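There are 2 protein chains.
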Amino acid sequence: MNQLSKTAYQQLEAKFHTENAINQASAILHWDAATMMPSGSSAGRGEQLAVLAVLAHETITDTAVSDLLDAAEEDRAGLDTWQSANLNEMRRQWLHATAVAPELVSDMVKASNDCEILWRQARVNNDFKAVQDQLQHVLNLTIESGQAKAEAFNKSLYDALLDQYEPDGSVATIETLFNDLQSWLPKLIGDVIEQQSAQPTLSPLTGDFSVENQKHLGQMLMKQVGFDFDRGRLDVSAHPFCGGVPDDVRVTTRYSEDDFTSALMGVLHETGHAMYEAGLPADWRCHPVGSSRGMSIHESQSLLVEMQVCRGKDFLSYLAPVAQQAFKSQDENWTGENLSNLYTRVERGFIRVDADEVTYPAHVILRFELEKAMIEGDLQLSDLSTAWNDKMQDLLGVVPPTDTVGCLQDIHWYSGAWGYFPTYTLGAMTAAQLYRAAVSQKNEIPGAIREGDFQPLMTWLGQNVHGKASSLSSDQILVSATGSSLTTDVFKSHLFDRYLA
Amino acid sequence: MNQLSKTAYQQLEAKFHTENAINQASAILHWDAATMMPSGSSAGRGEQLAVLAVLAHETITDTAVSDLLDAAEEDRAGLDTWQSANLNEMRRQWLHATAVAPELVSDMVKASNDCEILWRQARVNNDFKAVQDQLQHVLNLTIESGQAKAEAFNKSLYDALLDQYEPDGSVATIETLFNDLQSWLPKLIGDVIEQQSAQPTLSPLTGDFSVENQKHLGQMLMKQVGFDFDRGRLDVSAHPFCGGVPDDVRVTTRYSEDDFTSALMGVLHETGHAMYEAGLPADWRCHPVGSSRGMSIHESQSLLVEMQVCRGKDFLSYLAPVAQQAFKSQDENWTGENLSNLYTRVERGFIRVDADEVTYPAHVILRFELEKAMIEGDLQLSDLSTAWNDKMQDLLGVVPPTDTVGCLQDIHWYSGAWGYFPTYTLGAMTAAQLYRAAVSQKNEIPGAIREGDFQPLMTWLGQNVHGKASSLSSDQILVSATGSSLTTDVFKSHLFDRYLA
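If you read the protein sequences in the order shown, they are chains D and A.
The numbers in the first sequence follow my numbering, run straight up by one, and end at 1070.
The numbers in the second sequence follow my numbering, run straight up by one, and end at 1070.
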């Protein structure tokens, strides 16, 4: 079939297929850079990735694409549901790609790279001033880019930035949810900490926590969850992530031989992400509609596995003897009860990535409110540190002693990711709501989990979430799976049940 | 500087830089496929690589490139020597890329892939007939493509195919060299085997040949040769190779715990390739002129390290105690003399990749003559097996009992690589001639090698070969480094000295 006999829609499919294949290549190269690449090769890798990014961008901003989109949309009657959704996603990607002038895109990339380098040093030195001017530059370009996207999508500035990570997300929805959270979370945190302080001290768990033993246990549990090692790997990187592509999912973790707890839950968390990627519909590989829906659904999949299931007593009662054996321990403290105490400890800390699931939303709300204020011009960078510390006092009752563990702790703003933070807590609430629905629709799930069997749960997630890919909006996925849009109700009852029962 | 203010040459530099970056990305993805990628991910990887190959091809066959090449060539007076050589290489790459219609390129890729798959099975089953039709298809397309290139380069058909691997190589030169080899090689082989059969049996070397010990020794020797592990790695693959890119060289090997000899020399062989890549001029990274010259020079670098140096007594006397220690052995047989006997054993075998350096040229001459006859229509595929066996009898005095160890043993023809084989033996002769020149110009080299010090040799190679990249032809590099074009003289005297002394 030559170019002329193809429909506009088919020609678009070819364009986006090419773009997707380039992005898949980049994903593997990113993984390689984090896991395998020797340190001296980063400049060359940066060039390779930059060239691929430009090619991917050029592929879908090609002047022909605009006309093809118009023509395909006029001829939508000839498309089936998934094809039509695919066309919508093409339009969305095209709007994001064309809204911003190429020069601004490349200025953003350069400014963010430079800022990230300054930030690494500034964080170590507790010297926010050293990065403030460059962060201002990133913020200015972010606002400029956001305004262009706001116009293209006919959205507010913040909503346009949010749309990059959470398609169709909105400040209005987030504020409604976060305001509700704020009305009960501070008291819950206080009550849980008070209750836990009255409990006996945690019994330490002993064993041989060699990297080899931890890795072996991690791989075994990944298989239990359903991870297919014929289409994926587990490796080590400084910052754990789930990368690669749906048919070749690359999970990473990092091990500490003093403490098995973090790598173990880290692996299960990333495996939740991995199951989503691997479960995307095989028939729509390389098509926009076949991609994961957005960051809140993605985070919901990792948090559903980690927080809802694996930090719950059903799973931990299964895990206790398995871990004891993996760590070659005779220690009698390997019980579900002890593991549960260990994995549900609540503390008012400074660091988001170390936070438990009860205090975590406070960290996110803080960042959401501050980034919104900065984007809208209501907060100056010179006041960021003070505003951060004041909000930490309000929300968590602790004040970071340094910016290193305050407004310098996260890479997001410095690397140009504005509008990303809320998706963590949207994901946590989505996870609670989905798991509740799964259990109520398939009563056998908790019993299976008690035996280390994830198949009933994964089958449900495959049908209700993974297999939907981007054929529906996040809200539609949730309504169809749980009967309701996102609310705080299930998340709230989950926290009260687990932490104050 | 915008597009309009750039010279034609500068615009070409940008195009070829992009093409090169795409090819670098592909090189890392190829390495990943051979070393890291799980088995189920190959289809997706194939698509990623195919898309990148098309993009690289499109980048330099863009309609603008033809005019830019003409304009830059008219303005050649403004270019320095390297820029001018760079322009020549751009023209060569462009001629190869545009000579053949895109449909024929993609037919070739598909036919070769299909043929390679059939070949794997046919080889196992000793069933040449099962792959004969598909091989005929590959051969027909190769001839069609070769004829188009012959016209573009104004060369003969075989020379045009050869030019893909060995720029400016010619049948005339190869036949002169190979005819000379044939006049003395069969007798030499007979004499060496006779002499070796009179020697005492090889003393077996014992030790702990665990993968760990072999890997550790391999890495140590790579460092000794000068390999920079900040810009490269050593891993395992089914078929050892040197891949990656100049700033990130990925060497692979495979280990047998029964026998350390093959992996050890394999690693040193690939390190020779790696040193060439890493030693290409840093200022010309990503430019055509900055690439390695061709396959005969490339193979000369691996064979210089492996055959000229590391199978020689100077190096083996250094290696003996080092290997003994690495393999934790008390065995008294770890002497340079015993290692030398082990590493210079000559046998009339069926398999090219297992052949020693004395019989190897016979395997290559056979393939060169047969492929030339097939390409020129003088040998039909139905007669290949018989022709192969007859030539084995003529050249080596043995006849393969099956096609599996005969005309089905090598992947080259089945995967579409016609015109490649002669470069192995051109490389072996080039290695001998270069090493002789290096030693005569820097007398300290053999003494340094006896102490495991490769630096004087690598400095010489850096100046005389690696650093020249593609700024000169293979012949010019050799004349400039050794004072003469390629002859069989030094190779011949090397073989007589080492094997009949």
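Each residue gets a CB set at the ideal place from its N, CA and C atoms; glycine is no exception.
Since the model is a prediction, treat every value here as computed from it, not as a measurement.
Only counting the same chain, and skipping five residues up and downstream in sequence, which positions put a Cβ closer than 6 Å to that of residue i?
i	result
G738 (chain A)	L731
D1044 (chain A)	S1054
A625 (chain D)	E588, I591 and N592
N907 (chain A)	S772
L965 (chain D)	R917 and A931
N1033 (chain D)	A1050
With the cut-off set at 7 Å, would you say residue i and residue j are in Cβ contact?
i	j	result
G996 (chain D)	S909 (chain D)	no
M659 (chain A)	P970 (chain A)	no
L664 (chain A)	A721 (chain A)	yes
L873 (chain D)	A1000 (chain D)	yes
Q1010 (chain A)	V1059 (chain A)	no
Q783 (chain D)	F829 (chain D)	yes
V891 (chain D)	F884 (chain D)	no
M1027 (chain A)	G795 (chain A)	yes
A666 (chain A)	T628 (chain A)	no
F990 (chain A)	F1023 (chain A)	no
R692 (chain D)	T973 (chain D)	yes
V967 (chain A)	R917 (chain A)	yes
D618 (chain D)	S653 (chain D)	A small correction: the amino acid at residue 618 (chain D) is Leu; Asp does not occupy that position in the sequence shown. For L618 (chain D) and S653 (chain D), no; Cβs fall outside 7 Å.
P1025 (chain D)	A1017 (chain D)	yes
Could you check the C-alpha separation between residue i and residue j for me, to the nearest Å?
i	j	result
E616 (chain A)	L673 (chain A)	18 Å
S886 (chain D)	S831 (chain A)	50 Å
D636 (chain A)	L656 (chain A)	13 Å
W688 (chain A)	L953 (chain A)	15 Å
P930 (chain D)	D959 (chain D)	17 Å
E1020 (chain A)	S871 (chain D)	56 Å
G1052 (chain A)	I1046 (chain A)	10 Å
H1014 (chain A)	I591 (chain A)	Note on identity: in this sequence residue 1014 (chain A) is Ile, with His being the wrong assignment. About 39 Å.
Q962 (chain D)	H932 (chain D)	11 Å
Q733 (chain D)	V634 (chain D)	20 Å
I758 (chain D)	V915 (chain D)	8 Å
S752 (chain D)	R1005 (chain D)	23 Å
E875 (chain A)	T745 (chain A)	26 Å
Q765 (chain A)	Y1068 (chain A)	9 Å
G905 (chain A)	L888 (chain A)	7 Å
D601 (chain A)	T770 (chain A)	42 Å
D816 (chain A)	S610 (chain D)	6 Å
H1035 (chain D)	S681 (chain D)	32 Å
A640 (chain A)	T632 (chain A)	14 Å
C793 (chain D)	K792 (chain A)	Checking the displayed sequence, the identity of residue 793 (chain D) turns out to be Gln instead of Cys. Near 42 Å, if we compare the C-alpha coordinates of K792 (chain A) and Q793 (chain D).
On the DSSP bridge assignment, give the partners of residue i in chain order.
i	result
R802 (chain A)	A:R819
D828 (chain D)	D:S825
V814 (chain A)	A:D817
Taking Cβ-Cβ distances shorter than 7 Å, what residues in chain A pair up with residue i?
i	result
S608 (chain D)	D799
G601 (chain D)	Just to set this straight, residue 601 (chain D) is Asp in the shown sequence, not Gly. The contacting residues are I597 and D601.
Under 7 Å Cβ to Cβ from residue i, same chain only, skipping five residues before and after it: list those, please.
i	result
T604 (chain A)	D804, V805, S806 and T821
M570 (chain A)	Caution is warranted here: a pLDDT of 44 is assigned to M570 (chain A), below 50, making its placement in the model unreliable, and the coordinate value is therefore given only provisionally. Within the same chain, M570 (chain A) has no close Cβ partners at all.
S725 (chain A)	A719 and V740
D749 (chain D)	T1057
Since residue i meets chain D, which of its residues come closer than 8 Å, beta carbon to beta carbon?
i	result
D631 (chain A)	Chain D residues near D631 (chain A): none, gap ~12 Å exceeds 8 Å.
Take residue i and list the residues in its own chain whose beta-carbon comes closer than 8 Å to its own, dropping the five residues that flank it on each side.
i	result
C684 (chain A)	V700, Q703, L704, H706, V707, Y983, S984 and G985
E839 (chain D)	P809, F810, C811, V820, T821, T822 and S871
T711 (chain D)	M677, L730, I944, G985 and W987
Q893 (chain A)	G776, D900 and W903
V1048 (chain A)	S1054
Taking residue i as the query, report the chain A residues whose CB atoms sit under 9 Å from its CB, ordered along the chain.
i	result
T587 (chain D)	V620, V623 and L624
M1027 (chain D)	Neighbours of M1027 (chain D) on chain A: none; closest Cβ ~18 Å, over 9 Å.
List the residues of chain D that residue i touches, going by C-beta distances under 9 Å, in chain order.
i	result
Q593 (chain A)	G613, R614, E616, Q617 and V620
Can you name the residues of chain D whose CB is closer than 7 Å to the CB of residue i?
i	result
A590 (chain A)	E616, Q617 and V620
V814 (chain A)	G613
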